[in-house]
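There are 2 protein chains.
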Amino acid sequence: MILHFAILIHTYYFSIFVARNFSHLPLTFSPIVQIGRGMVVFVCFLDKASEETVEKLTKHIINIRLCEDDSGRRVSICDIQGDILIIPQATLGGKLKGKAMQYHMNVDKTLGEALYHRLCQGVRTAIEAVSSGNVKCGVYGARQILSTDTNGPYTHIVEV
Amino acid sequence: MILHFAILIHTYYFSIFVARNFSHLPLTFSPIVQIGRGMVVFVCFLDKASEETVEKLTKHIINIRLCEDDSGRRVSICDIQGDILIIPQATLGGKLKGKAMQYHMNVDKTLGEALYHRLCQGVRTAIEAVSSGNVKCGVYGARQILSTDTNGPYTHIVEV
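Chains A and B, in that order, are what the protein sequence lines are.
Just so you know, we're using our numbering here: the first sequence kicks off at 5 and counts up by one.
Just so you know, we're using our numbering here: the second sequence kicks off at 5 and counts up by one.
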């Protein structure tokens, strides 16, 4: 059963990411989040997502071999001591109906926000235990500015 | 039946995209493709994709209401005279197996390239008939540098 989607964009060499919430604050007062070489994870929780979903997703993010080491081998984000930016992206749960997207499959907002924070916390704890990489997060439910530089977009969809 | 995935990243206000193939040429000789305010489409053709798939996808790209007009209404890319960048992204067809992605579901490369060019041509023809927006394309089968600026990433998955 599909409980959520995650999209991983793998980047290397020159990656810079900024996620900034500007829905309530003037830009100059908004928090800026930035990561270096690493991975951006867009996450959307669908209906029936649970703590178990979060645990599985955390393991996938930590273990999935989508990064490239200096010899060109596919390795995990921990293996390259890379950074991770986790961005809430509820639109991923949309289904095309006619010419418009509908979002009836998404989890309710309160649970979605709780699961998102749980995921960020879980990934951060797991990364800190084995890597010097940083884990940064976006703001749930807010429109955020995002800038990315990638040496080859490398986008995957993972369903749990 | 799922024949392909397309991911649409909608951007507004400050969007700049550069796709550059650097697999065979030095950077200074590589073609640079840039679009302004508009939409980036990542496309992957799975096994059994056909001309019919391309036609359906072309219609979705032209008609889908994922752009925002000045009054905040959701409208099509044509309605805002926006640009489109179509990027081949075979990795979208991957399935997670253990800790690695496998790509057995993808169409063979020759057909994939033909369908990709057909899609680019179809979208360009359709856009030129009704809009002043530009349609730009990536290079099939090559790693490409991509830079994006978005005022709120707004990512959707469309399966045909």
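In this text, a Cβ means the ideal position worked out from N, Cα and C, and glycines have one as well.
Owing to the predicted nature of the structure, the values given are computational and were not obtained by experimental measurement.
C-beta atoms of residue i and residue j nearer than 9 Å
i	j	result
B/G142	B/G42	no
B/V47	B/I91	yes
A/K103	B/N110	no
A/L100	A/F49	no
B/D73	A/S151	no
A/P39	A/K140	Checking the displayed sequence, the identity of residue 39 of chain A turns out to be Ile instead of Pro. Yes. Within cutoff.
A/I84	A/I131	no
Those residues which DSSP pairs with residue i across a bridge
i	result
B/C141	B/I90
A/N155	B/I149
A/M105	A/L100
A/G42	A/D87
B/I81	Answer by DSSP bridge pairing: none, since B/I81 is not bridged.
B/G72	Before going further, note that residue 72 of chain B is Glu rather than Gly in the sequence given. Its beta-bridge partners are B/R78.
B/N110	B/L50
Status (buried if at least 16 other CB within 10 Å, exposed otherwise) for residue i
i	result
A/A94	buried
B/F33	Per-residue confidence for B/F33 stands at a pLDDT of 43, beneath the threshold of 50, marking its modelled position as unreliable; no derived number is given.
A/G86	buried
B/G97	buried
B/Y158	buried
A/D51	exposed
A/T129	exposed
B/V44	buried
A/A53	buried
A/H108	exposed
A/L31	At A/L31 the pLDDT is 43, less than 50, meaning the model places this residue with poor confidence; the figure from the coordinates comes in the next sentence. Under this definition A/L31 is an exposed residue.
A/C124	buried
A/S27	Residue confidence for A/S27 is low, a pLDDT of 43 falling below 50, so the modelled location carries little weight; the figure read from the coordinates is stated next. With fewer than 16 other Cβ atoms within 10 Å, it is exposed.
B/N25	In this prediction, B/N25 has a pLDDT of 41, which is less than 50 and means its spatial position is unreliable; nothing more can be read from the coordinates.
A/V162	buried
A/L29	Legend: pLDDT at A/L29 = 40, less than 50; position of this residue unreliable, no value from coordinates given.
Nearest-angstrom Cβ-Cβ length linking residue i and residue j, presumed shorter than 8 Å
i	j	result
A/V79	A/R69	6 Å
B/I149	A/N155	6 Å
B/G76	B/K113	The Cβ separation is near 42 Å, so there is no contact.
A/L61	A/V134	Not quite, the Cβ-Cβ distance comes to about 17 Å (not below 8 Å), so this is no contact.
B/M105	A/H160	6 Å
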